[in-house]
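Engineer:
4 protein chains.
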Amino acid sequence: MGKLDLNKKQKKDSLLNTAFDLFITQGINKTTISDIVKNAGVAKGTFYLYFKDKYDIRNKLISHKSSQLFSKAHNAVLANKIEKFDDSIIFIVDYVIDELNKNKSLLTFLSKNLSWGVFKKALINPALDSDVNFYEIYLNMIENSKCVFIEPEIMLFLILELVGSTCYSSILYNEPVEISVLKPHLYDTIRNIIKSHQKPEDES
Amino acid sequence: MGKLDLNKKQKKDSLLNTAFDLFITQGINKTTISDIVKNAGVAKGTFYLYFKDKYDIRNKLISHKSSQLFSKAHNAVLANKIEKFDDSIIFIVDYVIDELNKNKSLLTFLSKNLSWGVFKKALINPALDSDVNFYEIYLNMIENSKCVFIEPEIMLFLILELVGSTCYSSILYNEPVEISVLKPHLYDTIRNIIKSHQKPEDES
Amino acid sequence: MGKLDLNKKQKKDSLLNTAFDLFITQGINKTTISDIVKNAGVAKGTFYLYFKDKYDIRNKLISHKSSQLFSKAHNAVLANKIEKFDDSIIFIVDYVIDELNKNKSLLTFLSKNLSWGVFKKALINPALDSDVNFYEIYLNMIENSKCVFIEPEIMLFLILELVGSTCYSSILYNEPVEISVLKPHLYDTIRNIIKSHQKPEDES
Amino acid sequence: MGKLDLNKKQKKDSLLNTAFDLFITQGINKTTISDIVKNAGVAKGTFYLYFKDKYDIRNKLISHKSSQLFSKAHNAVLANKIEKFDDSIIFIVDYVIDELNKNKSLLTFLSKNLSWGVFKKALINPALDSDVNFYEIYLNMIENSKCVFIEPEIMLFLILELVGSTCYSSILYNEPVEISVLKPHLYDTIRNIIKSHQKPEDES
DNA sequence: TATGAATGAGGGTTCATTCAT
DNA sequence: CATGAATGAACCCTCATTCAT
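Chains as they are written, first to last, in UniProt numbering: chain A, 1 to 204; chain B, 1 to 204; chain C, 1 to 204; chain D, 1 to 204.
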C-alpha cells in the first residue's frame, strides 16, 4: 500500500471512529456531519469522498461493530473448547451480553439500529474487508454438532431477536429486571428454542 | 362538556389524528410540525398549546394506539370464551399479529418506537383517559387460571419482546420467512416460555 | 389594508427592491439569497415566504420593470400627441432606448433575461397587480390608425427583437457603433418593417 | 506533430467535446468541471492545464461552433453558385436557420451566449487554429458584388442580431409563430435592410 | 505533463419556536 | 384561546481550486 493509499485509509478510519464516538455519546439524530468532520480533523468535503451521508456511515459502523463482536465471541468459544452445540450458543450469547453490559454505548448504538435485515447484511454478507461471515460459522457449528435441525435459520432468528430486544431494556434500564436476573430465564428459553428445532435423533 | 371544551377537544384530536397519519405515511423524522398543523387545519401556534413538541405527540400516540390494540385483542378473548391461560395468550398474540399484518403502517409506527419502557408507560400506566390497563388484565388472567407462575412479569416481558421484534421483520420484509411460516415456531416458543414459568402444580 | 398586511407588503417590496439593486450591480449568478436578505434587512426564512427561489424573484422583477418602462413610454406618446402609427412606434422605441441609455444597469438586467417568451408573460399577461398590458395598447394603436396590417404580432416581434438585441451591444459596448449612430439605421429598418406589413390602403 | 503533442491535443479535444455535450444537454450553470473531466476521462488538474475556467472553455466553444456553422454555409453558397449579393446573404441565413432548426441544442447553446461582441471575437478574429474569418469573407462578397454599401458593418450587425434573436424564439418555442411562417417576413426585412444600405448605383 | 485527494467557504433551504395581534 | 408572519440558527451538500506526488 502506497503512502497515498495509507493516508486515505487513515482519513476514512478517522471518520469512522469519530462518527462512532459521536453516535454513541449524543445519538445519531443529534450528530451532524459538521460535528464528525470537525472532530475527525478533516474538511467537510472529505466526508463526502468516502460516505454518501450520515446513514451510510452508520450502516458501515453497524456492520463492522457487530462483526467484531461476534468474531470475538466465536474466538472465545474456540479458546474455551466448548463442544456441544447448545452450550456454544449459550456461551456466545452470554459472551455478547457481558460485552454489551460492559459497553452500554455500543448496546445503545447497535440495538437502536439492529434488525434482522441489517444483521443479515452485516454478518452474512460482511461489507467491510476484514469482517467475518458469522452465519457461515453458525452453519459450521451445526454441522460439527452431531444433531440435525429443522429450519436453522428461523431458529437463529428467534434467538437473536429475543436476546437483542430483551437485553436492551434489561441492561440499559434494569427493566423489568436487571440482566443477571434475566439471564437464567433467557437461557432457559434459548435452550427450549434449540430443543424444539432439533430433529429427533435417529438412533439405531 | 361545554361548547368551548368540545372545540378544544376537536382541535387536539385533529392534531393527533393528522400526526398519526403523517407519521405512518412519511415517517417521524420527515414529518414536520408545519405538516401536521397544515393538514390538521389549525394554526402553528395552536400545536404548542397542546403538545410540547413532536416527540410528545408521538409518545401519546404510541400509548393510545397500543392500548387500543390490546384492548381489542382482549375483548376478542372474552367474546370467544377462551378459557385456558396459555390459549388466551396465544390468542391475543395471534390477534395482534393479524391486526398488524393488516395494518403494516401501524406496525412500522409501533415497532420502531416500542420498547418495554414505553410499553409499560402505555399499557401499565395508561396515559390517555379512556386507555386500558393491560397489565392488570394480564394479572387477572393469571389469577383466573388455576395455575401459579413464577416471575410473571419476566414471562410477559420475554413474550412481548420476542413477538414484537420477530414480527417486525417477518411481516414487513418476509425475513427470514413470512409470518405464516413463522407463527408455529413462535407459538411453540411462547408455550415453552409459559410452561417453564409455571410452578409445578401443587396437587394434594 | 390592515397593519399586518401593510407590513407584509413592505417586506416583499424591500426584498424586490434589494434584489433588483444587487442583480444589476453584481449580476444574478453572483447574487446570493443571503446577500438579498442581508441588505433587505429581513431574515433568511422570510425570503421563502414570498418567493420560491432566486429565479422566481428575477422573473417578477423582469415583468415589473419592463411593464414600468413601456408604460412610461406610452404615456409620453400620449403627452406628445403623436398621431401617426409609425411615428408612435418610433417614438416609443426612441423613448425606451433613451431610458435604457440613461440606465444601463436596467438594460443589462432586462436584455440578459428578456426574450419574446418572457416579454409575453410580462407585458401581455402582466403578473403584478398594477402592471400594464402593453400588447392591448399596441392593438389599440393599430386600430386608431387608419391602416390595416397583416400579421401585426409578427411585426411587433420583429421590431422588439431587433431593437432589444442591437441596443444591448450598441449602448453597453458601442459595438459596432454607438447608439446615436445606430439609431437612424434602426429606425429606417423599423419603418421598412412597418411598411411591408401594411395592407395597401384601399382608397376610393 | 510529435506523439506527445498529439496526446496533448487529444486531451484538449476530449475536454472541448465533452464540455459541449454537457453544456447543451444540461446547461452551463449545471455543468461542473467535475462533470467535464469525469466524462472526458482526464484528471481534474488536467482541465486547468488547458483552460482557465468553465467560461473560458465556453467561449472557445462558441467561437469554434459558430465558425464551423458559417463556414459550412459559405461553402454551400459557393457550391450552389449563388451570384448576387443579397441572394447570397439570404442563402446563408436560410442555411444557418435550417441547421439550427435541425440542431436545437446548438441553437440553445449559441443564442444563450452569443452577442455581437462574442461574435466578433469568434468570427472576425477566429481564436482557434482552423477557424475561418467570416467577416473577411463577407467583405469579399461585397467587393465581388458590383454594388457599393454604406456602413456595411452596421448592415451585418442589424441582420445578425435580427436573425439571431428572432430564430431563438421561433425555432425553440414556435413563438410568436413557427419558423416556416416567420421566414418570409424575416427575409423581406433583410432585403430591405440591404437595400437601404446600398449606395445609389452610380450609373454612367 | 498529469494526477486526484483534499480542501473549506459558502451556497440554498428547512423548520421549531416565538409573540404581537 | 387562536393565529400565522417572522425569525435565524443550523443543516446538508457542492464544487472550483490547489498541490504533493
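All residues carry an ideal CB built from backbone N, CA and C; glycine is no exception.
What does the alpha-carbon distance come out to for the pair leucine 15 of chain B and isoleucine 24 of chain B?
Structural biologist: The residue given as residue 15 of chain B occupies position 15 in the second sequence. The residue given as residue 24 of chain B occupies position 24 in the second sequence. Linking leucine 15 of chain B to isoleucine 24 of chain B through their CA atoms gives a straight-line distance of about 14 Å.
Engineer: Could you give the first and the last residue of the continuous alpha helix (DSSP H) run that contains serine 63 of chain B?
Structural biologist: Here residue 63 of chain B corresponds to residue number 63 of the second sequence, with the count starting at 1. Membership of serine 63 of chain B in the alpha helix (DSSP H) is indicated by the continuous run 54–79.
Engineer: Determine whether the beta carbon atoms of tyrosine 168 of chain D and leucine 156 of chain D lie at a separation below 8 Å.
Structural biologist: In the fourth sequence, counting from the first residue as 1, residue 168 of chain D sits at position 168. In the fourth sequence, counting from the first residue as 1, residue 156 of chain D sits at position 156. Taking 8 Å as the Cβ cut-off, tyrosine 168 of chain D and leucine 156 of chain D do not qualify as a contacting pair.
Engineer: Around the C-beta of isoleucine 150 of chain B, are 16 or more other C-beta atoms found within 10 angstroms, so that it is buried, or is it exposed?
Structural biologist: For the purposes of this step, residue 150 of chain B is taken as residue 150 along the second sequence, with counting starting at 1. Exposed: under 16 other Cβ atoms inside 10 Å.
Engineer: What did DSSP end up calling phenylalanine 149 of chain A once you bin it into helix, strand or coil?
Structural biologist: Position 149 of the first sequence, counting from 1, holds the residue named residue 149 of chain A. Of the three classes helix, strand and coil, the one that applies to phenylalanine 149 of chain A here is strand, per DSSP.
Engineer: Quick one: using the 10 Å Cβ neighbour count with 16 as the cut-off for buried, is alanine 40 of chain B buried or exposed?
Structural biologist: Taking the second sequence and counting its residues from 1, the one referred to as residue 40 of chain B is at position 40. The residue in question, alanine 40 of chain B, is buried, as its Cβ has 16 or more Cβ neighbours within 10 Å.
Engineer: Mark alanine 43 of chain A as exposed unless 16 or more other C-beta atoms lie within 10 angstroms of its C-beta, in which case mark it buried.
Structural biologist: Walking along the first sequence from the start, residue 43 of chain A turns up at place 43. Flag for alanine 43 of chain A reads exposed.
Engineer: So, is tyrosine 55 of chain B buried or exposed, given that buried needs 16 or more other C-beta atoms within 10 angstroms?
Structural biologist: On the second sequence, position 55 is the one that residue 55 of chain B refers to. Exposed, by the Cβ-count rule.
Engineer: Among the candidates A:Pro152, A:Pro200, A:Ser145, A:Trp116, whose CA atom is the shortest distance from the CA of serine 165 of chain A?
Structural biologist: Counted from its first residue, the first sequence places residue 165 of chain A at position 165. Nearest C-alpha to serine 165 of chain A: A:Trp116.
Engineer: What residues of chain D sit near tyrosine 168 of chain C, judged by a beta carbon separation below 9 Å?
Structural biologist: To locate residue 168 of chain C, count along the third sequence from 1; it is residue 168. Within chain D, the residues near tyrosine 168 of chain C are Ser115, Trp116, Glu161.
Engineer: Using beta-carbon positions only, say whether isoleucine 62 of chain B and isoleucine 159 of chain B come within less than 8 Å of one another.
Structural biologist: Against the second sequence, residue 62 of chain B aligns to sequence position 62. Against the second sequence, residue 159 of chain B aligns to sequence position 159. No, Cβ-Cβ distance for isoleucine 62 of chain B and isoleucine 159 of chain B is not below 8 Å.
Engineer: Whole angstroms are fine: how far does the CA of lysine 30 of chain B sit from the CA of threonine 32 of chain A?
Structural biologist: Mapped onto the first sequence, residue 32 of chain A falls at position 32. Mapped onto the second sequence, residue 30 of chain B falls at position 30. For threonine 32 of chain A and lysine 30 of chain B, the distance between alpha carbons rounds to 16 Å.
Engineer: Tell me the rounded alpha-carbon separation between asparagine 144 of chain B and phenylalanine 119 of chain B.
Structural biologist: Reading the second sequence from its first residue, position 144 is the one you call residue 144 of chain B. Reading the second sequence from its first residue, position 119 is the one you call residue 119 of chain B. Those two C-alpha atoms are separated by around 24 Å.
Engineer: Jot down the residue ranges of each uninterrupted alpha helix (DSSP H) in the stretch 145–197 of chain B, minimum 4 residues, whole runs only, in chain order.
Structural biologist: 152–173, 179–197
Engineer: Distance, Cα to Cα, serine 204 of chain C vs lysine 146 of chain D?
Structural biologist: For the purposes of this step, residue 204 of chain C is identified with residue 204 of the third sequence, where counting begins at 1. For the purposes of this step, residue 146 of chain D is identified with residue 146 of the fourth sequence, where counting begins at 1. Only weak support exists for where serine 204 of chain C lies, its pLDDT of 47 falling under 50; the value from the coordinates is given anyway. One Cα belongs to serine 204 of chain C, the other to lysine 146 of chain D, and the distance between them is close to 42 Å.
Engineer: Tell me whether proline 200 of chain A is buried or exposed, calling it buried when 16 or more other Cβ atoms sit within 10 Å of its Cβ.
Structural biologist: To locate residue 200 of chain A, count along the first sequence from 1; it is residue 200. Burial call: exposed.
Engineer: Using the C-alpha atoms, what's the distance from asparagine 133 of chain B back to tyrosine 187 of chain B?
Structural biologist: Along the second sequence, one-based indexing puts residue 187 of chain B at 187. Along the second sequence, one-based indexing puts residue 133 of chain B at 133. Near 24 Å, if we compare the C-alpha coordinates of asparagine 133 of chain B and tyrosine 187 of chain B.
Engineer: Just to make sure I have the definition right: I need the residues of chain B whose C-beta is within less than 7 Å of the C-beta of residue 208 of chain A. Which are they?
Structural biologist: With chain A represented from 1 up to 204, any question about residue 208 of chain A goes unanswered, as that position is not in the structure.
Engineer: Whose Cβ in chain A lies nearer than 9 Å to the Cβ of valine 177 of chain B?
Structural biologist: For the purposes of this step, residue 177 of chain B is taken as residue 177 along the second sequence, with counting starting at 1. Under the 9 Å cutoff, chain A gives Glu151, Glu153, Ile154, Phe157.
Engineer: By a C-beta neighbour count over all protein chains shown, 10 Å radius and 16 as the cutoff for buried, is alanine 19 of chain D buried or exposed?
Structural biologist: As a first step, residue 19 of chain D must be located in the fourth sequence, where it is residue number 19. Answer is buried; the Cβ neighbour count reaches 16.
Engineer: Applying a beta-carbon distance threshold of less than 9 Å, which residues of chain C neighbour threonine 189 of chain D?
Structural biologist: By 1-based counting over the fourth sequence, the position of residue 189 of chain D is 189. Result: Leu158, Leu162, Thr189, Asn192, Ile193, Ser196.
Engineer: The alpha helix (DSSP H) with isoleucine 36 of chain B in it runs from where to where?
Structural biologist: Indexing the second sequence from 1 puts residue 36 of chain B at position 36. The continuous alpha helix (DSSP H) containing isoleucine 36 of chain B extends over residues 33–40.
Engineer: Could you work out which residue in C:Glu161, C:Phe47, C:Glu178, C:Met141 is closest to glutamate 175 of chain D when comparing CA atoms only?
Structural biologist: Residue mapping note: residue 175 of chain D aligns to position 175 of the fourth sequence, counting from 1. Of the listed residues, the one whose Cα sits closest to glutamate 175 of chain D is C:Glu161.
Engineer: Is any beta-carbon of chain B found at less than 8 Å from that of histidine 71 of chain A?
Structural biologist: Along the first sequence, read from residue 1 onward, the residue named residue 71 of chain A stands at position 71. A small fix is needed here, since residue 71 of chain A is serine in this sequence, not histidine. Not an interface residue.
Engineer: In whole angstroms, what separates the C-alpha of histidine 197 of chain D from that of proline 152 of chain D?
Structural biologist: To locate residue 197 of chain D, count along the fourth sequence from 1; it is residue 197. To locate residue 152 of chain D, count along the fourth sequence from 1; it is residue 152. Whole-angstrom Cα-Cα distance: 7 Å.
Engineer: As a quick exercise: from D:Ile28, D:Tyr50, D:Lys38, pick the residue whose alpha carbon is nearest that of asparagine 7 of chain D.
Structural biologist: Mapped onto the fourth sequence, residue 7 of chain D falls at position 7. Comparing Cα positions, the closest option is D:Tyr50.
Engineer: Can you list the residues of chain D that residue 218 of chain C reaches, using a CB-CB cut of under 7 Å?
Structural biologist: The requested residue 218 of chain C does not occur in the structure, where chain C is confined to residues 1 to 204.
Engineer: Quick check: the Cα distance between lysine 60 of chain C and asparagine 101 of chain B, rounded to an integer number of angstroms?
Structural biologist: Residue numbering aside, residue 60 of chain C sits at position 60 when the third sequence is read from its first letter. Residue numbering aside, residue 101 of chain B sits at position 101 when the second sequence is read from its first letter. Lysine 60 of chain C and asparagine 101 of chain B: Cα-Cα distance of roughly 52 Å.
Engineer: Could one say the Cβ of histidine 185 of chain A lies closer than 8 Å to chain B's Cβ atoms, at least one of them?
Structural biologist: Within the first sequence, the letter at position 185 stands for residue 185 of chain A. Yes, contact with chain B.
Engineer: Excluding the 5 residues flanking arginine 58 of chain D on each side, which residues of the same chain have their C-beta closer than 8 Å to its C-beta?
Structural biologist: In the fourth sequence, residue 58 of chain D corresponds to position 58, counting from 1. Correct list, in chain order: Ala19, Phe23, Ile28, Asn113.
Engineer: For valine 77 of chain D, which residues of its own chain have a beta-carbon under 7 Å away from its beta-carbon, when the five flanking residues on both sides are left out?
Structural biologist: Position 77 of the fourth sequence, counted from the first residue, corresponds to residue 77 of chain D. Hits under 7 Å: Ser88, Phe91, Ile92.
Engineer: Determine the direct distance from the alpha carbon of arginine 191 of chain A to that of alanine 79 of chain A, and round the result to whole angstroms.
Structural biologist: Residue numbering aside, residue 79 of chain A sits at position 79 when the first sequence is read from its first letter. Residue numbering aside, residue 191 of chain A sits at position 191 when the first sequence is read from its first letter. Distance between the alpha carbons of alanine 79 of chain A and arginine 191 of chain A is about 22 Å.
Engineer: With isoleucine 92 of chain D as the anchor, note down where its alpha helix (DSSP H) starts and where it stops.
Structural biologist: Along the fourth sequence, read from residue 1 onward, the residue named residue 92 of chain D stands at position 92. In this chain, the alpha helix (DSSP H) harbouring isoleucine 92 of chain D covers 85–102.
Engineer: Indicate whether residue 206 of chain B and phenylalanine 85 of chain B have their beta-carbon atoms separated by less than 8 Å.
Structural biologist: In the structure as shown, chain B begins at 1 and stops at 204. Residue 206 of chain B is therefore absent and cannot be evaluated.
Engineer: Residues of chain B with CB closer than 7 Å to the CB of serine 165 of chain A, please, in chain order.
Structural biologist: Taking the first residue of the first sequence as 1, we reach residue 165 of chain A at position 165. Here the neighbours are Glu161, Gly164, Ser165.
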